[in-house]
Structure formats: structure tokens, C-alpha cells
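Step one of this worksheet: look at the structure below.
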Amino acid sequence: MTAQARRVGRPPQDASHRLARAHRILDAAGDLVLRWGYDKTTIEDIARQADVAKGTIYLHWRTREELFAALLRRERVEMLTEVRRRIAEGPGTLRELLRLLAVELMRRPLMRASILGDSEVLGRLIRRKREGTQGAEPSPGFGDYLAVLLRHGALRTDRSPAEHMTVLASILYGFLFVPRMMPEGHGPPDERLAELLADTGSRALEPGVPVPADDARAIARATLEYVDVAVETARRKLGVSLGTEESAR
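The numbers in this note's numbering rise by one with no breaks, and the one at position 32 of the sequence shown is 33.
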């Protein structure tokens, strides 16, 4: 079949070409949603920015919601991949994990908007997300990670795992929300805010006594393994959104 005979808008047979095009569309969507917000960003706008036909976008995603879900999934993969790279270079403690997660969240406007439920940026997408879920779920493997910390003396024993997660979530959301409520220029810079979040989180969850060297090494391994699970889970979900991996049945 000649190129002229192909149906207009048919996806390229080259999987790498198709994937590159999907990422180009997501790049355009990310730029526009940060500029105008989700509610004002149309498929036509995205197609024009990405230099593709409107119908081409629907070859990748059936709806605008699916496109933006893919965008947020890609942001999560990029965030966790960077956390994984940096955690491998450091002490691998809970405090360092919290600091790196906070740093990456704060430097990624879309992830921050998703975590905070910022309707100015994500509009109806956030409202539908709220309506469709019963609440935030902990990251895969986080309960197991807390169990390792407890076993190696790096977690307070006077609270249940659910209580630890409640405290940690309260600290995380509090540090992300409060700066928005303060007068402009009165809050600390993002890097310092991440340090404060990590310090508060570690003081709230850890027993406050040094752990032996063998335990510290086991904790570092567990921290890296936890992030590896989070990265793999995020990549698998992104693969489903990009059509490079089948959805789990």
C-alpha cells in the first residue's frame, strides 16, 4: 500500500515513532494546562501546539481526561525516577526520602497541583478524581517499608502503622498547603521548605536514637527497594496510558 493510499490519521507502524508522537502531545498538553488551566485547554489547542491533527490525538487517547491522566502519570514517573537516582547516592534514610520527595513535588507544578487538588490548574479533572475515589491510598509497598523501619529500630513503637501514615500525610499536606495561605514573600523557599518537612516528618516518626551500622545499611536497602517498587508501578501505569503495556485484568 502506498503512502497516498493510507487512511488519513492512521497511526504509524513504527512503535517508536508512535511513542515519540505521544510524548510530543503530552509536552504540548503540559505547557498549555500550566498556562491556561485544564478547563480552558481543548484538544484543538493541544493538537495545534503539538503540530498534529486533532484526530491523531484520539488515536492515542479516547478522551481528554485519558490524555491528562497520561500526562500526570508521566510526571509521576519522572518525579520518582529522579528520587530513585538521588536516594541511591545518599544515606537512604526516611528523612532523606521525605526530603527528596518534597523537593521533587515542589519543583513540578503538575504534581503539586495533583497532590493539592488545585482546581485552578486541573479544574474538572480534579473534581472528577475527588468524586471517583474514597480517599488517597498509600503508595504500593509503603506499609512493608514501615515494617522494615520498625524492625530495625528506626520507627517509633508507640503508634500503629495506620497512625504513622496519618501523621506523615498530615505533615506532607500541611507543608504543601500552608505556604499558599501565607502573605507573598513570607514563606521559606522551596528547598528550605523541603528540609523543614523532612525534619518534622523524621522527628515525628523516628524514635530519636541512632541505629547500629548494620541496621542503617538494611534501612538504606529497604528505602531503595521501596522507591524501586514505586517507580515500577508508576511506569506500568504510564505504559497502559501510552499503549505500550496491557492493563492488568
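Virtual Cβ for every residue (Gly too), placed ideally from N, Cα, C. From a predicted model like this one, the values you see are computed outputs, not experimental measurements.
If you follow the alpha helix (DSSP H) that residue i is part of, which residue opens it and which one closes it?
| i | result |
| --- | --- |
| residue 238 | 214-243 |
| residue 32 | 16-37 |
| residue 91 | Element bounds for residue 91: n/a, residue is neither H nor E. |
| residue 246 | No alpha helix (DSSP H) contains residue 246, which DSSP labels as neither H nor E. |
| residue 183 | Element bounds for residue 183: n/a, residue is neither H nor E. |
| residue 201 | 191-206 |
| residue 115 | 110-117 |
| residue 46 | 44-51 |
| residue 56 | 55-61 |
Buried or exposed: residue i, going by 16 or more other Cβ atoms within 10 Å of its Cβ?
| i | result |
| --- | --- |
| residue 193 | exposed |
| residue 86 | exposed |
| residue 77 | buried |
| residue 232 | buried |
| residue 41 | exposed |
| residue 18 | exposed |
| residue 93 | buried |
| residue 67 | exposed |
| residue 115 | buried |
| residue 204 | exposed |
| residue 224 | buried |
| residue 43 | exposed |
| residue 97 | buried |
| residue 206 | buried |
| residue 24 | exposed |
| residue 16 | exposed |
| residue 214 | exposed |
| residue 75 | buried |
| residue 134 | Residue placement at residue 134 cannot be trusted, given a pLDDT of 42 that sits under 50; the coordinates are not used to answer. |
Using only alpha-carbon positions, find the residue among the options that is nearest to residue i.
| i | options | result |
| --- | --- | --- |
| residue 34 | 82, 70, 16 | 70 |
| residue 109 | 83, 143, 207, 47 | 83 |
| residue 120 | 39, 64, 186 | 39 |
| residue 158 | 65, 209, 188 | 209 |
| residue 252 | 22, 111, 65, 142 | Past the boundaries of the shown model lies residue 252; the chain is included only from 2 to 250, so the question cannot be answered. |
| residue 155 | 212, 240, 79, 126 | 212 |
| residue 30 | 123, 234, 113 | 123 |
| residue 49 | 189, 95, 64, 28 | 28 |
At a cut of 8 angstroms, does the segment 231-247 reach the segment 171-185 through at least three beta carbon pairs?
-> no
Report yes or no: do three or more beta-carbon pairs, one from the segment 88-102 and one from the segment 57-77, lie closer than 8 angstroms?
-> no
Could you tell me whether the segment 139-149 touches the segment 186-200, using the rule of 3 or more Cβ pairs below 8 angstroms?
-> no
Completely contained alpha helix (DSSP H) runs for the segment 153-180, where each covers 4 or more residues = none
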